[in-house]
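**Student:** Residues in the sequence shown are numbered from 629 upward in steps of one, following the numbering used here. Just so it is clear, CB atoms sit at the ideal spot from N, CA and C, and this is done for glycine as well. First the structure, then my questions, so here it is.
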Amino acid sequence: MEDSLMINGVEVRSRLWVGTGKYRDFVETQQAIEASGAQVVTVAVRRVNITDRSQENLLDYLDPKKYTILPNTAGCYTAEDAIRTARLARAAGVSDWVKLEVIGDERTLFPDNEALLQAAGVLVKEGFVVFPYTNDDPIMARKLQDVGCAAVMPLAAPIGSGLGIRNPYNIRIILETVRVPVIVDAGVGTASDAALAMELGCDAVLMNTAIAGAKNPLKMARAMNLAVEAGRLAYRAGRIPKKLYATASSPLDGIIDS
629 MEDSLMINGV EVRSRLWVGT GKYRDFVETQ QAIEASGAQV VTVAVRRVNI
679 TDRSQENLLD YLDPKKYTIL PNTAGCYTAE DAIRTARLAR AAGVSDWVKL
729 EVIGDERTLF PDNEALLQAA GVLVKEGFVV FPYTNDDPIM ARKLQDVGCA
779 AVMPLAAPIG SGLGIRNPYN IRIILETVRV PVIVDAGVGT ASDAALAMEL
829 GCDAVLMNTA IAGAKNPLKM ARAMNLAVEA GRLAYRAGRI PKKLYATASS
879 PLDGIIDS
């Protein structure tokens, strides 16, 4: 991509960020990530082995020199659990970056924003680079920015739902409200959803199920790569305004009267 994203002094070339869950095995995970062109790869510390080198380890398939590994606290339902999980990943030498999730409801997997804000404040003070998964609330996005989060990650729709961006207007307000990068996280279903997120002006898109759950994950990974790039280019190009009535494509000057 012609314009990279700078976060905490790290240049992120691809604006497509991907997860590592729900694939058949680590080999398919590796192939899909390569096809996606992603640089930032998020891993659920409590679900995927990245800390025990004595067993099959995802990092045997993903070179940390090639990818920026972003541990996440998926499956944590309290601030204390999320903080503990982030500390575990850092102690294992994985990263001091963390995608912070504190889930508030088992059925919808919506975040518990009060606990999220609490955990974010603690981890920032401990030197973590925090990427919080939150809802599409501009006020919470601002609070997370103000406690020192490196970005905000509002959901497009419930995790794994594939519904796409349900409230583009709130995403636009968040973009106007915060100064840190905005990374859409959760709910993307297909390439057009990813393109729309980028056309709105988001800095990146993070997804997992949309690729891993596709009938052909490798093809979908490539499609998402192209969609994110196209959406970013369209945003930078500046779309034409929407109008109720037609506008002639060619000028009327010089028309030959019959």
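Assuming the contact rule is C-beta atoms closer than 8 Å, Gly703 and Arg735 should be a hit. Round their C-beta distance to whole Å, please.
**Tutor:** The residue given as residue 703 occupies position 75 in the sequence shown. The residue given as residue 735 occupies position 107 in the sequence shown. With a Cβ gap of about 15 Å, Gly703 and Arg735 do not count as contacting.
**Student:** If I'm right that Asn685 touches Ala778 with Cβ under 8 Å, what's the distance once you round it to whole angstroms?
**Tutor:** Numbered from 1 along the sequence shown, position 57 holds the residue referred to as residue 685. Numbered from 1 along the sequence shown, position 150 holds the residue referred to as residue 778. Going by Cβ atoms, the distance from Asn685 to Ala778 rounds to 26 Å, so no, they are not a contact pair.
**Student:** Excluding the five sequence neighbours on either side, which residues of its own chain have a C-beta within less than 6 Å of the C-beta of Ala840, listed in chain order?
**Tutor:** Start at 1 with the first residue of the sequence shown, and residue 840 comes out as number 212. Excluding residues within five positions, the ones whose Cβ falls inside 6 Å are Lys650, Tyr651.
**Student:** By alpha-carbon positions, which one of Pro782, Ile787, Gly788 ends up nearest to Val806?
**Tutor:** Taking the sequence shown and counting its residues from 1, one reaches residue 806 at position 178. Of the listed residues, the one whose Cα sits closest to Val806 is Pro782.
**Student:** Which runs of the alpha helix (DSSP H), 4 residues or longer, sit entirely within the stretch 645–671?
**Tutor:** 654–664
**Student:** Apart from the five residues just before and just after Val638, which ones in its own chain have a Cβ nearer than 8 Å to its Cβ?
**Tutor:** Taking the first residue of the sequence shown as 1, we reach residue 638 at position 10. Exclusion of the five residues before and after Val638 leaves Thr696 as the residues of its chain whose Cβ lies within less than 8 Å of its Cβ.
**Student:** I'd like to know whether the C-beta atoms of Val812 and Val833 end up nearer to each other than 8 Å.
**Tutor:** For this step, residue 812 is matched to residue 184 along the sequence shown. For this step, residue 833 is matched to residue 205 along the sequence shown. Their beta carbons are under 8 Å apart, which means Val812 touches Val833 by this criterion.
**Student:** Going straight from the alpha carbon of Asp850 to that of Asp821, what length do you get?
**Tutor:** Within the sequence shown, numbered from 1, the residue matching residue 850 stands at position 222. Within the sequence shown, numbered from 1, the residue matching residue 821 stands at position 193. For the sequence presented, residue 850 should be read as Arg rather than Asp. Whole-angstrom Cα-Cα distance: 14 Å.
**Student:** Using alpha carbons as the reference points, say which of Thr875, Ile793, Gly732 lies closest to Thr706.
**Tutor:** Along the sequence shown, one-based indexing puts residue 706 at 78. Nearest C-alpha to Thr706: Gly732.
**Student:** Closest to Gly580 by CA distance: which of Leu690, Leu846, Glu827, Val730 is it?
**Tutor:** Residue 580 lies beyond the residue range present for the chain, which begins at 629 and ends at 886; the question has no answer from this structure.
**Student:** Taking the beta carbon of Gln683 as the centre, do at least 16 other beta carbons fall within 10 Å, making it buried, or is it exposed?
**Tutor:** For the purposes of this step, residue 683 is taken as the residue at position 55 of the sequence shown. Counting Cβ neighbours within 10 Å, Gln683 comes out exposed, since fewer than 16 surround it.
**Student:** Are the beta-carbon atoms belonging to Pro760 and Val780 less than 8 Å from one another?
**Tutor:** The sequence position of residue 760 within the sequence shown is 132, counting from 1. The sequence position of residue 780 within the sequence shown is 152, counting from 1. Yes. Within cutoff.
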